[in-house]
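Same order as they appear, the protein sequences are chains A and B. Number 312 in numbering that gives the first Met the number 0 belongs to position 313 of the first sequence; there are no gaps in the numbering. Number 71 in numbering that gives the first Met the number 0 belongs to position 72 of the second sequence; there are no gaps in the numbering. No residue lacks a Cβ here, since even glycine has one placed at the ideal position from N, Cα and C. Down below is the structure, laid out as structure tokens.
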Amino acid sequence: MRSYILQRLLILFPLLLAISMVTFLLAHLAPGDPVMARFGLDVKRMETERLEQIREELGLNDPLPIQYLRYLKDLLRGDMGRSLTTHAPVSEEIASRFPATLQLTVASMLFMLIVAIPLGVISAVKRGTLIDNLCMGGALLGVSMPAFWFGIMLMLLFSLKLGWLPSTGRGDGTFWGTVKALIMPGITLGTGLMGLVTRLTRSSMLEVLGQDYMRTAHAKGLAPRLVLIRHGLRNALIPVATVVGAQFASLLGGTVIIETVFAWPGIGRLAVDAISRRNYPVIMGTVLVFSVTFVLINLLVDVLYTLIDPRIRYD
Amino acid sequence: MKRLILAANILIVASLVLAACAAPTPIVEEVEVPVEVVVKETVIVEGTPETVEKVVTATPGPVEEEDTSKFGGTLTIQAAGMIQFDFAQCADDNSWWVISNIYSMLYRINQDRSLFPDLATSWEYEDDTTLILHLREGVMWHDGNEVFPEGESREVTADDVVYSIEYGVNMEGSTLSAGFLSAFESVEALDDYTVQVKLNKPDALLLSGSRGLGHIAVIPQEAVEYYGEDFGLNPVGSGPFEFVEYSPDEHVILQRNEDYWKEPYLDEVVFRVIPDEDAALIAFETGEIDWLSNVPKDDVARLKDDTRFILQTSGLECGPWIMFDMTVPYFQDQDFRQALAYALDIEGITRNVEGELYAGGCGIAGPGVPGYDPNLCKYFPYDPEGAQELLAGLGWEDTDGDGVLDKDGEPMSFELEIWNTDPMPRYGEAVAIQWQEVGIGVELQTVEFGTWIDDLFAGPQKAMMASGFCTDGGLNGVFGREAATSVALGYDMPDVHDALDEANVTIDPGERENILREAQETMFSQYYAIPMRHSTGYSALRSRVHDWLGIFWSANICTENNNVWVTE
Chain A
0 MRSYILQRLL ILFPLLLAIS MVTFLLAHLA PGDPVMARFG LDVKRMETER
50 LEQIREELGL NDPLPIQYLR YLKDLLRGDM GRSLTTHAPV SEEIASRFPA
100 TLQLTVASML FMLIVAIPLG VISAVKRGTL IDNLCMGGAL LGVSMPAFWF
150 GIMLMLLFSL KLGWLPSTGR GDGTFWGTVK ALIMPGITLG TGLMGLVTRL
200 TRSSMLEVLG QDYMRTAHAK GLAPRLVLIR HGLRNALIPV ATVVGAQFAS
250 LLGGTVIIET VFAWPGIGRL AVDAISRRNY PVIMGTVLVF SVTFVLINLL
300 VDVLYTLIDP RIRYD
Chain B
0 MKRLILAANI LIVASLVLAA CAAPTPIVEE VEVPVEVVVK ETVIVEGTPE
50 TVEKVVTATP GPVEEEDTSK FGGTLTIQAA GMIQFDFAQC ADDNSWWVIS
100 NIYSMLYRIN QDRSLFPDLA TSWEYEDDTT LILHLREGVM WHDGNEVFPE
150 GESREVTADD VVYSIEYGVN MEGSTLSAGF LSAFESVEAL DDYTVQVKLN
200 KPDALLLSGS RGLGHIAVIP QEAVEYYGED FGLNPVGSGP FEFVEYSPDE
250 HVILQRNEDY WKEPYLDEVV FRVIPDEDAA LIAFETGEID WLSNVPKDDV
300 ARLKDDTRFI LQTSGLECGP WIMFDMTVPY FQDQDFRQAL AYALDIEGIT
350 RNVEGELYAG GCGIAGPGVP GYDPNLCKYF PYDPEGAQEL LAGLGWEDTD
400 GDGVLDKDGE PMSFELEIWN TDPMPRYGEA VAIQWQEVGI GVELQTVEFG
450 TWIDDLFAGP QKAMMASGFC TDGGLNGVFG REAATSVALG YDMPDVHDAL
500 DEANVTIDPG ERENILREAQ ETMFSQYYAI PMRHSTGYSA LRSRVHDWLG
550 IFWSANICTE NNNVWVTE
């Protein structure tokens, strides 16, 4: 196991190198540059010299390979550069937003798991019945509803009409304030994720329910619920864990729509804003952090498999 | 259990439908209003600031309210986003709202664009290129921070103003207007409270809103040296409110500056970042924010009728316009450009897109902006037959019956490029459809803003739609001889350029107004650009907020002319 983990961690370095190269190239080859994006139309032609000076100072006139190597050298020293708009260190920009992204991710995943897995199990057990159709219909509705619309509907009900929850923001800084602020964005995001997990749980359960060991367990006289949960669900969760892990990792890269609707200060908005402003250091930083997170989460999921299914070994 | 889940699902769906249809419940507010208050004022006694108390009658509020004032409370302002608070690198309005409350400005701007004193209590021109500013005495830098520890502040003097102006002028990539930067020659402190600004040529916009000296915030050299690159995120000023906290993409919190020359009534001002328009509206209606920067057009009528809220127009009318790459042969012909204009029902398009926000009027300058001419719309009637006649006169006919005009066997074909943020796509689609209806071979290209900028400066070989630049100086900013767009699109309009150059150096408002009107008349009568009609915008204020002057470039919360207070 240890050697497996080490192996996976070692692959991270060439992977990050490749990702950084591709991201760097794509960001710099896209139309527009940070200087123009910053000033927009309010740039006079006679100030071309000044613009060129700024580009020179930012190193934007150097050949791309030189710019990339310079970035890489700084990165290896732990310096992701400074934002071209705020001039704050990129690491601080990302770090300041990561807790908010983590909160939203955990809240939405919790909601999704609490709803999707039971729905999938019920649906599988009641296959072909009205219950099955309603569960699948509900899951389909969840994944089909536009997140921005659903979020606004929740706001209209729970904030404007009932006054129970704050409409936007992260709350008043207290624990319960934050929990209340997380409810609507968590439900909105979790509902969109539910569809895939519900259907996967259902199909995985159906496969498991037809296995010989399930029949054996029933034949032994074990309580149906015990058979379902301990023998069935545990095996059915293996593919679900893969998907949930990937979703979790993906969410840690931020969800710009939810963050925009609920004014949640996460990494998604930071990344999208950086792209629109051609803020190259922040673009590189967010992509690299997201890549590392994604790889590490997937490694964690792989390790978790061994807990779910003792038959799985990585030796 | 299963029935319970089913019932819960049905209930949730029904609740959502009801919520979307329900009207808000009106709330009745009761207000207690004192007449006289004790206010604190800072005066300088033998060079040392002292706080004294005096009894004053509160500034009269709206007619229907009793005369009252109140210390305390928090004002929450919605912002779509904020970046950083270094004035010389600030290019967005929202960050400027924060800057204008942390720092002293030289002067402030009313919504009618008239100026009133702030740090500079008066000013006068010695001659066309020399401005003298007289500063307020006894203004102190904020203390209790890493730059000025508690009790170790100092007075703001003319040297600070000199430093600030030079800082803005010399900053690489400064966002000060190019017009000011090219006209600026020197700045000097004549004594502790008098500043002389010298220009190398007269600048009509020296004393204006967001251009000229209106873009200068007075900053302490000590803070710039202490924080270096992080200065923009650690502002230390001398304005009515002190910086407390900035949580990126979330909020900025300011607290009352108790040593300000006019003590603010508010304890705190919070700028909350809510980028989504609909979410911001909900937050406003729930009372989470007190001022909404932009009311969606479909909600204007509803909010106007709600007594909890006060709607105000932005005071600035604006509309997008179409401009042409003059190196493209099609666009070099005035009759062709006129045909493009005649083919558009510009008023209809604007009314359809803007709805309640429609304001009418044509040109770059709107009502109240120097150069505005209410008669310009006469050049832009909706006359599709006239358009076809003009095009026929130029030899364009649909010889092959494909719906696109052609000439000498070549079909007409050009692109109209717009950027992708609302309402541009709606304008662009309407324009393209109406052009296509008369056989104009146009293809609409919608791109991201950065790409639009890139294409513009690369020489687009297209028609381009743009917006903005509605304030004084906007016409020159877009179509001036040295303007980026003008150069990039190859505009050769000697009459217009000469007039705009003259307007830039004409200080007398009346004379300048006439010159700008002439410039607009010349430009639009020759169809160098096709403007949409103007539209306005609305902001909304909760009725618990009093003595509000509005936000026009600066957020005027505690100034010589007002001191915002709230009823809890």
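| query | result |
| --- | --- |
| Start-to-end residues for the alpha helix (DSSP H) that takes in Asp301/A | 279-307 |
| Proximity test, Cβ basis, 8 Å: Arg271/B and chain A | yes |
| Backbone secondary structure at Trp140/B - three-state DSSP | coil |
| Option in Phe323/B, Glu559/B, Ile432/B with minimal Cα separation from Pro459/B | Phe323/B |
| Distance CB(Val194/B)-CB(Ala188/B) smaller than 8 Å | yes |
| Asn293/B vs Glu316/B beta-carbon contact at 8 Å | no |
| Neighbourhood of Ser373/B by C-beta distance below 7 Å, restricted to the same chain and skipping five residues each side | Inspection of the sequence shows that residue 373/B is occupied by Pro rather than by Ser. Only Gly360 meet the Cβ criterion. |
| Simplified DSSP state of Cys89/B, which is helix, strand or coil | coil |
| Whole-angstrom distance between Ser82/A and Val89/A, CA atom to CA atom | 6 Å |
| CB contact below 8 Å: Gly209/A versus chain B | no |
| Helix, strand or coil at Glu125/B [DSSP, three-state] | strand |
| Ile311/A - DSSP class collapsed to helix/strand/coil | coil |
| Reference Leu356/B; option with closest CA among Ala518/B, His533/B, Trp395/B, Leu280/B | His533/B |
| Three-state secondary structure assigned by DSSP to Lys406/B | strand |
| Proximity of Leu180/B and Val160/B at Cβ, strictly below 8 Å | no |
| Interface flag, Leu260/A vs chain B, CB-CB below 8 Å | Sequence check: residue 260/A is Val here, not Leu. Val260/A counts as touching chain B. |
| Residue-level contact to chain A via CB, Ala21/B, 8 Å cutoff | Any answer about Ala21/B is weak, because its pLDDT of 44 lies below 50 and its placement is not dependable; what the coordinates show is given next. So, interface residue. |
| For Thr84/A and Gly476/B, the rounded distance between their alpha carbons | 23 Å |
| Cβ shell of Met183/A (< 7 Å), same chain only, five flanking positions each side left out | Gly150, Leu153, Met154, Phe157, Leu164, Phe261 |
| Endpoints, alpha helix (DSSP H) assigned at Tyr70/A | 63-75 |
| Residue environment, Ile266/A, which counts as buried when at least 16 other CB atoms sit within 10 Å | buried |
| Closer than 7 Å at the beta carbon, the chain A residues around Leu232/B | Thr85, Ala87 |
| CB contact check: Glu275/B to chain A, cutoff 8 Å | According to the sequence displayed, residue 275/B carries Asp and not Glu. Yes, Asp275/B counts as interfacial toward chain A. |
| Contacts of Asp264/A in chain B (Cβ-Cβ under 8 Å) | The sequence shown places Pro at residue 264/A, rather than the Asp named in the question. Here the neighbours are Ser246, Pro247, Asp248, Glu249, Val272. |
| Residue ranges of each beta strand (DSSP E) within the stretch 418-454 of chain B, 3 or longer | 441-446 |
| Residues that Leu253/B bridges to, as DSSP identifies them | Phe242/B, Val268/B |
| Gln460/B - DSSP class collapsed to helix/strand/coil | coil |
| 8 Å Cβ cutoff, Ile281/B in contact with chain A | yes |
| Contact set for Leu368/B: own chain, Cβ-Cβ below 6 Å, skip 5 residues either direction | According to the sequence provided, residue 368/B is Val. The question's Leu does not apply to it. Asp471, listed in sequence order. |
| Three-state secondary structure (DSSP) of Ser466/B | coil |
| Assumed close pair Ile348/B, Met531/B - CB separation to whole angstroms, cut-off 8 Å | 7 Å |
| Sequence ranges, beta strand (DSSP E) only - wholly within the stretch 132-199 of chain B, length at least 3 | 183-190, 193-198 |
| Which residues DSSP lists as bridging Leu540/B, in chain order | Trp290/B, Ile309/B |
| Sub-8 Å separation of Gln66/A and Gly58/A beta-carbons | yes |
| Assigned secondary structure, Val504/B (DSSP; H/G/I helix, E/B strand, else coil) | coil |
| Integer-rounded CB distance, given that Ala26/A should sit under 8 Å from Ile282/A | 5 Å |
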